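Here the structure is laid out as structure tokens; the discussion comes afterwards.
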Amino acid sequence: MPTTLIHFFTGTGNTAHAVKTIAEDIRKAGQEVTTVQVSLGVNPPELGAFERHIVAFPVLSWAAPVMMRQYLKRFPKGEGKQVAILAVNGAVFYKGKMVPGASGQALEEVEHLLRRKGYDVFLSGEASFPDNWTQMTDPGDEKSQKIIITHGEADVRNFTEKFLSGKRELFRCSPFNHTWTYLVAFLFGKMGRRALGTFYIADSSCNGCGLCARQCPSHSIVMEHNRPRWKTNCQDCNRCINFCPEKAIQTSMSLLVIQFTLHILMIIYGIKAVSAYASLLIPVAPWLMILIKTVLIIAVLYLASWITLVPLYAFLRLLGKIPAVRKFYCLSVTKKFSRYKGPEYVMRKQEADEQNKI
Ligand SMILES: Cc1cc2nc3c(=O)[nH]c(=O)nc-3n(C[C@H](O)[C@H](O)[C@H](O)COP(=O)(O)O)c2cc1C
Ligand code: SF4
Ligand code: SF4
Numbered sequence: 021m022p023t024t025l026i027h028f029f030t031g032t033g034n035t036a037h038a039v040k041t042i043a044e045d046i047r048k049a050g051q052e053v054t055t056v057q058v059s060l061g062v063n064p065p066e067l068g069a070f071e072r073h074i075v076a077f078p079v080l081s082w083a084a085p086v087m088m089r090q091y092l093k094r095f096p097k098g099e100g101k102q103v104a105i106l107a108v109n110g111a112v113f114y115k116g117k118m119v120p121g122a123s124g125q126a127l128e129e130v131e132h133l134l135r136r137k138g139y140d141v142f143l144s145g146e147a148s149f150p151d152n153w154t155q156m157t158d159p160g161d162e163k164s165q166k167i168i169i170t171h172g173e174a175d176v177r178n179f180t181e182k183f184l185s186g187k188r189e190l191f192r193c194s195p196f197n198h199t200w201t202y203l204v205a206f207l208f209g210k211m212g213r214r215a216l217g218t219f220y221i222a223d224s225s226c227n228g229c230g231l232c233a234r235q236c237p238s239h240s241i242v243m244e245h246n247r248p249r250w251k252t253n254c255q256d257c258n259r260c261i262n263f264c265p266e267k268a269i270q271t272s273m274s275l276l277v278i279q280f281t282l283h284i285l286m287i288i289y290g291i292k293a294v295s296a297y298a299s300l301l302i303p304v305a306p307w308l309m310i311l312i313k314t315v316l317i318i319a320v321l322y323l324a325s326w327i328t329l330v331p332l333y334a335f336l337r338l339l340g341k342i343p344a345v346r347k348f349y350c351l352s353v354t355k356k357f358s359r360y361k362g363p364e365y366v367m368r369k370q371e372a373d374e375q376n377k378i
């Protein structure tokens, strides 16, 4: 009997729901299926026993989550084993119409990673579920979320049908989209997700329950004096902000503006300094100077990121110990936003509630 192993990462439960749907359909077709959920410290199991694999992940800034890519890099050599890839992206309602999500280069990036390891990637596709980026956008009302979920489930069933029939079909985006989404994804992976993690703050409704820290897939939250503190290894999956039972987690708009402004100023002044002083201090041939300046500018970008994420963030956090400053940090539009829990987690909660009743 063919056996399939599904490897997946999920932030808020959409991908978990897609995986559950796929697994049910594969079982209905009389085949065996096992799943593994990726989080910090989870390594690929022994892959030899499985004939085919499915890799499923949420699209974060036109890429697979960094943790998922790191997990896939730990795969052994593929020796021609078949793999299908599903990207779960985020759709929104705009002016009464559903706008499906966009995966950009995410599927192709994962496909190439697996091909380089010798896997036969035969299928890649996307499914649109509700957008969960509550840190910056309101996830909308339940009615529109339900409509999007129904579409997402249809996308997933379509994917499973192709998987079961062995159909070869690979997702491709245009070279233009591929290039710019690759650049954005690269910056997000290196810097953006870390920076976004530093803008989270727990406001006065936090009761110190520690759920956010326990549920974070990358252990990026530590509890200090009964309040969560975000480290700089965040994946930006948005689970914490969406799952906090008190809706206490916000995006600190003031921290965002202060950190972003100082970061940009450091880059501008750093580049100005390189342009003004490099040729005065290092007298070399013009062609070599271009090379030196390029290296120095890259160093400025890295240094500015490090200063923003380490000493500046630590200093701003220290200031946040002053109650008035903390109150200022907690001002945010996200207080008015609703929160999003994917169908998988909503169902699990309903099941748990039912059991508690019994
Ligand atoms: C930081 C962040 C970036 C995102 N970027 C994209 C994107 O580039 N394209 C897209 O369609 N959806 C994007 N989304 C939406 C998620 O991919 C979508 O909501 C997904 O269904 C979440 O799946 P999960 O519940 O399994 O985490 C993003 C969400 C977050 C939190
Ligand atoms: S889950 Fe919410 S209430 Fe609980 S510790 Fe985290 S921020 Fe506070
Ligand atoms: S800190 Fe929040 S957004 Fe970041 S990885 Fe953990 S749960 Fe996800």
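Sequential numbering of the sequence shown, starting at 21, is according to my numbering.
Backbone N, C-alpha and C fix where the C-beta goes; we use that ideal spot for every residue, glycine too.
This structure is a prediction, so every number in the text was calculated from the model and none was measured.
| query | result |
| --- | --- |
| Simplified DSSP assignment, three categories, for Thr30 | coil |
| Cα-Cα separation, Ala222 to Ile269 | 4 Å |
| Other residues of its chain near Thr170: CB distance less than 7 Å, five sequence neighbours each side excluded | none |
| With 16 other Cβ atoms within 10 Å as the buried cut-off, status of Pro150 | buried |
| Euclidean distance between Cα positions of Lys48 and Ala122 | 30 Å |
| Selection from Glu162, Met118, Lys137, Glu129 that minimises the alpha carbon distance to Ser148 | Met118 |
| C-alpha gap between Phe348 and Ser358, whole angstroms | 21 Å |
| Ligand 2 heavy atom lying under 6 Å from the CB of Ile221 | no |
| Nearest candidate by alpha-carbon position, reference Ala126, set Ser194, Ser59, Ser224, Thr55 | Ser194 |
| Bridge partners - Trp250, DSSP secondary structure assignment | Ile241 |
| Those runs of the beta strand (DSSP E) which lie wholly inside the stretch 269–321 and span at least 3 residues | 269–271 |
| Within the stretch 120–186, ranges of the alpha helix (DSSP H) (whole runs, at least 4 residues) | 126–136, 162–185 |
| Short Cβ contact (7 Å threshold) for Ile105 with Ile26 | no |
| Among Gly100, Ile318, Pro78, Ser238, the one whose alpha carbon lies nearest that of Leu67 | Gly100 |
| Close beta carbons around Lys361, own chain, < 7 Å, minus the five adjacent residues each side | Thr32, Gly33, Asn262, Phe263 |
| Proximity test, Gly212 beta-carbon vs ligand 1 heavy atom, cut-off 6 Å | no |
| Close-in-space but distant-in-sequence residues of the same chain around Ile378 (CB under 7 Å, 5 per side omitted) | Low confidence applies to Ile378: its pLDDT is 41, below 50, so where it sits in the model is not reliable enough to give any reading. |
| Proximity winner among Gly160, Ala83, Ser59, relative to Thr354 (alpha-carbon distances) | Gly160 |
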